[in-house]
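Residue numbers (our numbering): 32 to 525.
Here's the structure, in structure tokens; my notes come after.
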């Protein structure tokens with residue numbers, strides 16, 4: 032009974048830590064940024080939402096960001112496992128058995144513990160202890176305990192610090208790539224929120240433009256009716272204005288529907304209740320900025336996550352080639368070991384005890400002959416190194432092209448906005464002059480309606496050009512890998 036109790040206690044002690052680790056709740060981190068000056072209250076009838084508010088809520092609620100941080104728990108544990116390779120390992124084993132034969136019954140228990148240690152040069156040290164106890168009704172009892180100690184030092188395959196620590200270096204490079212992936216994921220999500228917010232702003236402004244055009248059409252209809260009553264206009268000429276009024280009402284309905292669609296998309300990205308009434312309140316304004324393409328390229332080479340991950344993959348390919356070359360070597364090792372054992376037994380006829388010890392030292396050599404699988408791994412690793420070099424060159428060229436494209440697009444969008452701004456000013460003047468000419472009887476109703484449509488088109492063109500320029504700035508940050516820095520976002524991934 033004592034042996035069974037010892038075995039049970041040891042099993043409980045060995046399983047308790049792992050069981051506690053499995054039941055420990057996950058507590059992922061989360062990104063952070065400076066909080067807005069006035070927090071958003073979604074309980075209000077209509078909540079005013081600034082772009083800063085939207086980004087802040089997205090960092091806190093967005094499901095893609097939460098999912099990325101959940102996976103970071105597993106990623107960091109993978110690194111922890113790799114770093115634990117050079118820590119001592121303890122393995123406990125135990126068993127209990129009751130047997131019954133033709134002429135005797137026996138009960139036996141076994142308890143063992145083995146600790147191993149891997150050195151940075153490939154040295155493997157093992158120390159084990161084992162105890163065995165059996166008791167039979169007729170044959171009596173027997174006890175055996177002993178200690179084993181061994182040292183194995185590889186001289187060719189698996190030997191040397193570069194090879195032994197290669198898995199740890201791979202794990203650390205993988206961790207760097209995972210952190211860059213997290214940064215890229217947050218930046219893309221933040222950019223998507225910014226685009227969605229500006230889409231809502233665009234829809235709200237388009238609704239305002241449509242309502243303003245509708246109001247002008249109503250005012251023109253009133254002018255037409257006054258001129259008809261004064262006998263200065265034929266009654267059928269007002270039909271054109273009424274048709275334009277109906278078209279403007281349709282445009283207002285379409286713009287209102289677009290506002291709801293944009294609002295729902297923004298709320299989805301913010302992981303908020305889709306029935307929450309929110310309104311984008313930022314003022315649409317922009318200033319010209321000058322970007323030096325060469326300086327932008329140098330910045331992207333140090334900040335762009337996708338390009339940096341490609342650099343890491345190139346380093347990993349070199350390490351994998353080192354491991355593949357090592358696997359094709361002969362296995363030559365130095366082995367040293369010693370053991371000590373003690374036997375005690377007792378029976379109705381005799382009692383006794385024995386003690387013994389052994390030690391050994393030698394070399395072990397394994398030579399693979401005709402095994403192409405070892406060469407296969409090295410060939411694949413060499414091909415991967417060459418391919419990763421090509422991929423790196425392609426990534427660098429794509430990086431330079433993307434940076435130059437976004438810098439050029441930024442300048443083009445600003446010039447388009449300036450042209451669109453002038454177009455709105457000229458269309459406003461043109462419409463005002465034509466209205467005065469209509470009041471003086473020197474213009475037609477058709478001409479005024481045509482200029483009215485021109486003004487609405489010009490206002491929408493200016494709005495689209497402004498949104499496109501602001502989005503180009505966001506794309507510039509994303510291409511350079513500076514989105515988080517621009518918004519003062521801290522990853523909090525320790």
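Idealized CB from N, CA, C, for every residue including glycine.
Only a predicted model underlies this, so the values are computations on that prediction, with no experimental measurement involved.
If you draw a straight line from the C-alpha of residue 182 to the C-alpha of residue 99, how long is it? Against the chain shown, residue 182 aligns to sequence position 151. Against the chain shown, residue 99 aligns to sequence position 68. About 43 Å.
Assigned exposure category for residue 398 - 16 Cβ within 10 Å defines buried: In the chain shown, counting from the first residue as 1, residue 398 sits at position 367. It is exposed - the Cβ of residue 398 has fewer than 16 other Cβ atoms within 10 Å.
In this structure, how does DSSP classify residue 164 when only helix, strand and coil are distinguished? If you number the chain shown from 1, residue 164 lands on position 133. Residue state, collapsed to three classes: strand.
Which residues in the same chain have their Cβ closer than 6 Å to the Cβ of residue 52, if we skip the five residues on either side of it in sequence? Taking the first residue of the chain shown as 1, we reach residue 52 at position 21. Its pLDDT being 49, under 50, residue 52 is placed unreliably by the model, and nothing is read from it.
Quick one: residues in its chain with C-beta nearer than 8 Å to the C-beta of residue 40, no 5 flanking neighbours on either side, listed in chain order? Counting from one through the chain shown, the residue named residue 40 turns up at place 9. Any answer about residue 40 is weak, because its pLDDT of 39 lies below 50 and its placement is not dependable; what the coordinates show is given next. Once the five neighbours on either side are set aside, residue 40 has no close Cβ partner at all.
Under 9 Å, do residue 450 and residue 315 count as touching if we go by C-beta distance? As a working mapping, residue 450 is identified with position 419 in the chain shown. As a working mapping, residue 315 is identified with position 284 in the chain shown. Result no, Cβ atoms of residue 450 and residue 315 do not sit closer than 9 Å.
Beta-carbon within less than 8 Å of residue 349's beta-carbon, same chain only, minus the 5 sequence neighbours each way: which residues are those? Here the question's residue 349 lines up with position 318 in the chain shown. Closer than 8 Å at the Cβ level, and outside the excluded window around residue 349, lie 416.
Provide the residue span of the beta strand (DSSP E) that contains residue 184, from first to last. Translated into positions along the chain shown, residue 184 becomes position 153. Note, residue 184: beta strand (DSSP E), 171 to 185.
Can you give me the Cβ contacts of residue 447 inside the same chain, cut-off strictly under 8 Å, excluding the 5 residues immediately before and after it? Translated into positions along the chain shown, residue 447 becomes position 416. Within the same chain, residue 447 has close Cβ partners 496, 499 and 500.
Among 445, 279, 145 and 231, the one whose alpha carbon lies nearest that of residue 9: Residue 9 is absent from the structure shown; the chain starts at 32 and stops at 525.
Could you tell me which residues DSSP pairs with residue 205 in its beta bridges? The count along the chain shown starts at 1 and reaches residue 205 at position 174. According to DSSP, residue 205 bridges with nothing at all.
Counterpart residues of residue 120 in DSSP-defined beta bridges: Within the chain shown, numbered from 1, the residue matching residue 120 stands at position 89. According to DSSP, which records beta bridges pairwise, residue 120 is partnered with 147.
Could you give the distance in angstroms between the alpha-carbon of residue 32 and the alpha-carbon of residue 174? If you number the chain shown from 1, residue 32 lands on position 1. If you number the chain shown from 1, residue 174 lands on position 143. With a pLDDT of 38 at residue 32, under the threshold of 50, the modelled position of this residue cannot be trusted, and the question is left open.
Simplified DSSP assignment, three categories, for residue 395: For the purposes of this step, residue 395 is taken as residue 364 along the chain shown, with counting starting at 1. Of the three classes helix, strand and coil, the one that applies to residue 395 here is strand, per DSSP.
What's the gap between the Cα of residue 470 and the Cα of residue 433? In the chain shown, counting from the first residue as 1, residue 470 sits at position 439. In the chain shown, counting from the first residue as 1, residue 433 sits at position 402. In a straight line, the C-alpha of residue 470 is about 54 Å away from that of residue 433.
Neighbourhood of residue 162 by C-beta, 6 Å cutoff - its chain only, sequence neighbours within 5 removed: Indexing the chain shown from 1 puts residue 162 at position 131. Here the set comprises 142 and 176.
Tell me whether the beta-carbon of residue 226 lies closer than 9 Å to the beta-carbon of residue 502. Stepping through the chain shown from its first residue, residue 226 is reached at position 195. Stepping through the chain shown from its first residue, residue 502 is reached at position 471. In this structure, residue 502 lies closer than 9 Å to residue 226 by Cβ.
Which same chain residues end up closer than 6 Å to residue 85 when comparing Cβ atoms and leaving out the 5 residues on each side of it in sequence? Against the chain shown, residue 85 aligns to sequence position 54. Within the same chain, residue 85 has close Cβ partners 224 and 228.
Could you check which residue in 95, 303, 487 and 254 has the C-alpha nearest to that of residue 467? Stepping through the chain shown from its first residue, residue 467 is reached at position 436. Taking only the C-alpha atoms, the option nearest residue 467 is 254.
Between residue 442 and residue 330, is the Cβ-Cβ spacing less than 9 Å? Along the chain shown, one-based indexing puts residue 442 at 411. Along the chain shown, one-based indexing puts residue 330 at 299. No, these two residues do not count as a Cβ contact at 9 Å.
Suppose only complete runs of 3+ residues qualify. What are the beta strand (DSSP E) ranges in the stretch 298 to 362, listed by chain order? 309 to 311
Taking residue 194 and residue 153 to be in contact with their CB atoms under 8 Å, please state how far apart those CB atoms are, rounded to whole angstroms. Position 163 of the chain shown, counted from the first residue, corresponds to residue 194. Position 122 of the chain shown, counted from the first residue, corresponds to residue 153. The pair is a contact, with the Cβ atoms about 7 Å apart (cut-off 8 Å).
From 355, 361, 457 and 436, pick the residue whose C-alpha is nearest to that of residue 413; which is it? As a first step, residue 413 must be located in the chain shown, where it is residue number 382. When each option's Cα is compared against that of residue 413, the closest is 355.
Using beta-carbon positions only, say whether residue 309 and residue 485 come within less than 9 Å of one another. The residue given as residue 309 occupies position 278 in the chain shown. The residue given as residue 485 occupies position 454 in the chain shown. Against a cut-off of 9 Å, the Cβ pair of residue 485 and residue 309 comes out as no contact.
Out of 488, 199 and 392, state which residue places its alpha-carbon closest to the alpha-carbon of residue 457. Here residue 457 corresponds to residue number 426 of the chain shown, with the count starting at 1. Of the candidates 488, 199 and 392, the one whose C-alpha sits nearest the C-alpha of residue 457 is 488.
Would you check if the distance between the CB atom of residue 222 and the CB atom of residue 505 is smaller than 9 Å? As a first step, residue 222 is located in the chain shown; it is residue number 191 there, counting from the start. As a first step, residue 505 is located in the chain shown; it is residue number 474 there, counting from the start. Yes, the pair counts as a contact, with Cβ atoms nearer than the cut-off.
Quick check: residue 611 and residue 370, are their CB atoms within less than 9 Å of each other? Beyond the ends of the chain as shown, which are 32 and 525, falls residue 611; an answer cannot be given.
Could you give the DSSP three-state label for residue 389: helix, strand or coil? In the chain shown, the residue the question calls residue 389 occupies position 358. In this structure, residue 389 counts as strand in the three-state DSSP scheme.
How is residue 238 classed by DSSP in three states: helix, strand or coil? Here residue 238 is taken as the residue at index 207 of the chain shown, counted from 1. DSSP places residue 238 in helix when its eight states are reduced to three.
Can you grab the Cα-Cα spacing for the pair residue 126 / residue 140, in whole Å? Here residue 126 is taken as the residue at index 95 of the chain shown, counted from 1. Here residue 140 is taken as the residue at index 109 of the chain shown, counted from 1. Roughly 6 Å between the two C-alpha positions.
Quick one: residues in its chain with C-beta nearer than 7 Å to the C-beta of residue 215, no 5 flanking neighbours on either side, listed in chain order? In the chain shown, residue 215 corresponds to position 184, counting from 1. Closer than 7 Å at Cβ, skipping near neighbours: 336 and 337.
Segment contact, 8 Å Cβ cut-off, at least three pairs: the stretch 240 to 253 with the stretch 279 to 297: yes
Any idea if residue 312 is buried or exposed, counting beta-carbon neighbours within 10 angstroms, 16 or more meaning buried? Position 281 of the chain shown holds residue 312. Exposed, since its Cβ has fewer than 16 Cβ neighbours within 10 Å.
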